[in-house]
Every structure is written in structure tokens, then in C-alpha cells.
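Student:
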Amino acid sequence: MQIKVNGEKREVCEGVTLDDLLDLLAVKRQGIAIDLNREIVPKRLLGATILKDGDAVEIVRMVGGG
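Heads up, the sequence shown is in the working numbering, so the first residue is 41 and it goes up one at a time.
(1) On the DSSP bridge assignment, give the partners of residue 44 in chain order.
(2) Please determine, among 48, 72, 49, the residue with the shortest C-alpha to C-alpha distance to residue 59.
(3) So what does DSSP say about residue 85, is it helix, strand or coil?
(4) Per DSSP, which one or two residues make a beta bridge with residue 75?
(5) Can you give me the C-alpha to C-alpha distance between residue 68 and residue 45, rounded to a whole angstrom?
Structural data, given as C-alpha cells:
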């Protein structure tokens, strides 16, 4: 199935969760927020949130500064 990750099309298998996707992309969980179809997903739900064809995922990394 096809999803978008940070605006880029990607093919993933059926049944992939957001947690699986982060593993596939080698993304560290610290300091990130996940937006799925314009809704922030709490970290505690990453393993329970199964992606569907056409989903749009934005992975946002928090950066400190001032």
C-alpha cells in the first residue's frame, strides 16, 4: 500500500503500525512528534496505530534554540 511520509510517497506492507514505520526509517523516538492525517498521535499509541492506504504521516523533530 502507498502512504506519504513527510511529503514523499512510500510503499509499506499491510498491517504496518506507526511504531513499525519509525523502525523502518531508523527514527529515534526522543524529541519527535507524529502527525497522522493532520492529527497528533500520542507516543503511547504508536504501536496500536495501523497505517492505511493513502495515509499522510509527518515526522516532526523538535529542535531547541533561542
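Note that the Cβ used here is the ideal one computed from N, Cα and C, for glycine as well.
Tutor: According to the structure shown:
(1) Beta-bridge pairing links residue 44 to 49, 96.
(2) In this structure, 72 is the residue among 48, 72, 49 with its C-alpha nearest to the C-alpha of residue 59.
(3) When secondary structure is reduced to three states using DSSP, residue 85 falls in the helix class.
(4) The secondary-structure analysis by DSSP pairs residue 75 across a beta bridge with 80, 98.
(5) It is roughly 15 Å from the alpha-carbon of residue 68 to the alpha-carbon of residue 45.
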